[in-house]
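Just so we're aligned: 467 in the working numbering is position 97 of the sequence shown, and the numbers increase by one with no gaps anywhere. Note that CB positions come from ideal geometry on N, CA and C, so glycine has one too. Because the structure is a prediction, the values reported are computed rather than measured. Down below is the structure, laid out as C-alpha cells.
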Amino acid sequence: MSKGESMKKYYIIARNTWDEVFTYRASFVMWRVRNIIQLLSIYFLWSVVLPPGKTLLGYSQSLMLTYILGTSLLDSIVLSSRTYIVGEEINNGNLMNFLLRPINYFAYWFAKDAGDKLMNICFSAVELTLIFLVLRPPFFLQTNIFYIFFFICSVILSLFNYFFLNFLLGLIGFWSPEVWAPRFIFITVLGFFAGSLFPLDILPNAVYNIMKFLPFFYLLYFPLKVYLGQLSFLEITSGLLISSFWAFGIYFLVNIIWKKGLKSYTAYGR
Numbered sequence: 371m372s373k374g375e376s377m378k379k380y381y382i383i384a385r386n387t388w389d390e391v392f393t394y395r396a397s398f399v400m401w402r403v404r405n406i407i408q409l410l411s412i413y414f415l416w417s418v419v420l421p422p423g424k425t426l427l428g429y430s431q432s433l434m435l436t437y438i439l440g441t442s443l444l445d446s447i448v449l450s451s452r453t454y455i456v457g458e459e460i461n462n463g464n465l466m467n468f469l470l471r472p473i474n475y476f477a478y479w480f481a482k483d484a485g486d487k488l489m490n491i492c493f494s495a496v497e498l499t500l501i502f503l504v505l506r507p508p509f510f511l512q513t514n515i516f517y518i519f520f521f522i523c524s525v526i527l528s529l530f531n532y533f534f535l536n537f538l539l540g541l542i543g544f545w546s547p548e549v550w551a552p553r554f555i556f557i558t559v560l561g562f563f564a565g566s567l568f569p570l571d572i573l574p575n576a577v578y579n580i581m582k583f584l585p586f587f588y589l590l591y592f593p594l595k596v597y598l599g600q601l602s603f604l605e606i607t608s609g610l611l612i613s614s615f616w617a618f619g620i621y622f623l624v625n626i627i628w629k630k631g632l633k634s635y636t637a638y639g640r
C-alpha cells in the first residue's frame, strides 16, 4: 500500500467519525447544550466574583474571562477523545478484528480523535461566537507572535498527552472487564487538576508547585497561561520540556503495556 493510499485510509476513518456522531443527533445536541450551560455558569460566576476594575491574584476581569472562554475552546480540542472505547473493544473481542487487518491500531484511534476534535472545534467556534455577539465579554487578544507560537506548541503536546493518557486507561481492559470505574474517576478529577474550573495559580503555593510536575497541568492551564503572556521565557521552555517528557514517557508506557497485554489477550465475543 502506497503512502497516499494509507493517508486516504485514515482520512476516511476521521471523516466517518462525523457520520457516527450525527447518527444520534438528539444525544449530540443535548451534549452541546450541556457544554454551553456549563460554560455560561462559570462565566457568570466569575463575572460577579471579579467585577470590572478589580483584580484577583493578578487576574483582571478580561484576563479571567479570557481564561474561562479559552478553557471551553481548548476543552473541545484537547479533552475530546474517542479512545474511551478501547477498553470495550478489548473486553468484547472486537480488538481481534483490528489485529487481523493491515491497520495501525494507534493511528486508527488517532484518526478518529482528529475527526472528533475537528467537529468539536467547529461547533465550539460557533457557540463562542454567539456568546461574544450576545454578551460582548471583555477579551484579551494576544498579538505577540512569540506567545502565539509557544501556545500552539503547548497545545500540540497536550493533544498527545491526553490521547496517550486515555489510551492507557483503555488498556486496563486486558486484565479487567471493569474499565469505566477508573475512567469515571479520571474524568472527575481531571477538571480540577487541568484547570478547567479556575486558574491553578490561585491555589496555595505548596499545592501549585506539586501540580506543576503532573501531566494534567499541561493539558489546559499551561497553554492558556502561555497565551495570556503571564509566563517568562524560562517558565515556558521548562514547561514545554516537562510536557514533552510526559508525552514521550506515557507513549513508551502505553507501548510496553500494549505489548504485554497482547501476549495474554484471549479474544471472545464476535
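Please classify residue i: does DSSP put it in a helix, a strand, or coil?
i: residue 429; result: strand
i: residue 619; result: helix
i: residue 420; result: coil
i: residue 410; result: helix
i: residue 625; result: helix
i: residue 372; result: With a pLDDT of 49 at residue 372, under the threshold of 50, the modelled position of this residue cannot be trusted; read the value that follows with caution. In this structure, residue 372 counts as coil in the three-state DSSP scheme.
i: residue 514; result: coil
i: residue 634; result: coil
i: residue 386; result: helix
i: residue 398; result: helix
i: residue 610; result: helix
Looking only at its chain, what residues have a beta carbon closer than 8 Å to the beta carbon of residue i, apart from the 5 residues adjacent to it on each side?
i: residue 495; result: 443
i: residue 599; result: 512, 514, 517
i: residue 620; result: 531, 534, 535, 538, 585
i: residue 578; result: 570, 571
i: residue 505; result: 413
i: residue 627; result: 538, 541, 544
i: residue 439; result: 409, 413, 498, 501, 507, 509
i: residue 573; result: 581
Cutting at 7 Å between CB atoms, please list the residues of its own chain near residue i, excluding the five before and the five after it.
i: residue 446; result: 490, 491, 494
i: residue 508; result: 431, 432, 435
i: residue 377; result: none
i: residue 385; result: 485
i: residue 606; result: 520, 596
i: residue 631; result: 541, 544
i: residue 552; result: 539, 542
i: residue 576; result: none
i: residue 561; result: 567
i: residue 615; result: none
Among the options, whose alpha-carbon lies nearest the alpha-carbon of residue i?
i: residue 488; options: 450, 593, 470, 455; result: 450
i: residue 498; options: 441, 424, 574, 398; result: 441
i: residue 380; options: 618, 603, 473; result: 473
i: residue 590; options: 570, 470, 607, 575; result: 570
i: residue 622; options: 557, 533, 553, 547; result: 533
i: residue 635; options: 547, 410, 485; result: 547
i: residue 564; options: 587, 505, 468; result: 587
i: residue 567; options: 412, 399, 405; result: 412
i: residue 583; options: 462, 454, 613, 452; result: 613
i: residue 592; options: 404, 465, 437, 633; result: 437
i: residue 617; options: 526, 406, 573, 574; result: 526
i: residue 522; options: 396, 448, 395, 483; result: 448
Am I right that residue i and residue j are in contact with their C-beta atoms under 8 Å? What's the rounded C-beta distance?
i: residue 544; j: residue 460; result: 6 Å
i: residue 610; j: residue 528; result: 11 Å between Cβ atoms; not a contact.
i: residue 595; j: residue 601; result: 5 Å
i: residue 481; j: residue 383; result: 4 Å
i: residue 457; j: residue 559; result: Contact flag wrong, Cβ pair sits at about 18 Å.
i: residue 429; j: residue 420; result: 7 Å
Measuring only between beta-carbons, confirm whether residue i sits less than 9 Å from chain C.
i: residue 583; result: You won't find chain C in this structure, because it holds only one protein chain.
Can you list, in chain order, the residues of its chain whose CB lies under 6 Å from that of residue i, leaving out five sequence neighbours each side?
i: residue 479; result: 453
i: residue 639; result: Low local confidence applies: a pLDDT of 44 at residue 639 is under 50, so the model's placement there is unreliable, with the coordinate-based value given in what follows. Once the five neighbours on either side are set aside, the close Cβ partners of residue 639 are 462, 463.
Can you check the stretch 433–509 for any alpha helix (DSSP H) of at least 4 residues that lies completely inside it and give the ranges in chain order?
DSSP runs (the alpha helix (DSSP H)) wholly in the stretch 433–509: 456–461, 465–469, 475–505.
Identify every run of the beta strand (DSSP E) within the stretch 519–606, keeping only runs that are complete inside it and at least 3 residues long; order them along the chain.
Here no run is fully enclosed.
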